[in-house]
Structures are given as structure tokens and as C-alpha cells.
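The sequence shown begins at 1469 in my numbering and counts up one residue at a time.
The beta carbon of each residue, even a glycine, is placed where N, CA and C say it ideally should be.
All figures in this text were calculated on a predicted structure; none of them were measured in a lab.
Written out below as C-alpha cells is the structure these notes cover.
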Amino acid sequence: MNANMLRSPRVKTVTSPAIQPAPMNVPLPEKIEIRVVEYTKGDKIVKVELQYRMWNFDEYGMIVDKTDWEPVERVKIDLDGDI
């Protein structure tokens, strides 16, 4: 090692490679509406039904898709837990 190296050492700049963030799956907002519908004939209730519809939004909150009102699937369960 000589005296010149101590006065002005060689400097090498090393840059690390750019780190790419891992892609993220961001869940998009959804909205579910539920309603109870009463079908009547005159003053008499003939049928009662639970219905739902879904709204799908993009990342900016704009409506992308919506479904029509659909009846909720009816499942009968007895007290023993059998379906």
C-alpha cells in the first residue's frame, strides 16, 4: 500500500438491484342487499320469501356489475341437525 492510496482511495459505488414489490390481490368491494317479500292475494299473504341481490364495485367505487333479486335457497334442518 502506498501513501497515494491513503490520500485518495478508490471508491466504487455499488447499487443494489431494484426490488419489485410482490403483486397483491386487493379484494374489491361488494354489497349485498336482503329483503323479505310478501306475495299477497287480496288481503291474504300467500307466500313469504327472502331475496338478495349483489353489487360489485371496482377499485374506484364505481358499479361494475349487479344481479337481479334472487330468492335465497331454502334449507330445512330438523332439531337433530340433519339436513
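Extent of the continuous beta strand (DSSP E) run through residue i
i	result
L1547	Where L1547 is concerned, there is no enclosing beta strand (DSSP E), given that its DSSP letter is neither H nor E.
M1522	K1512 to F1525
K1534	I1531 to K1534
K1480	Premise fails: K1480 is in no beta strand (DSSP E) and is neither H nor E.
I1500	E1498 to K1509
Test item: CB-CB of residue i and residue j under 7 Å
i	j	result
E1517	P1539	yes
R1503	Q1519	yes
Cβ-based neighbour list, residue i, same chain, cut-off 8 Å, excluding 5 preceding and 5 following
i	result
E1498	M1522, W1523, N1524 and F1525
E1527	V1494 and L1496
V1514	Y1507 and T1508
Cβ neighbours of residue i in the same chain (closer than 7 Å, five flanking residues each side left out)
i	result
V1532	N1524, F1525 and D1526
D1548	none
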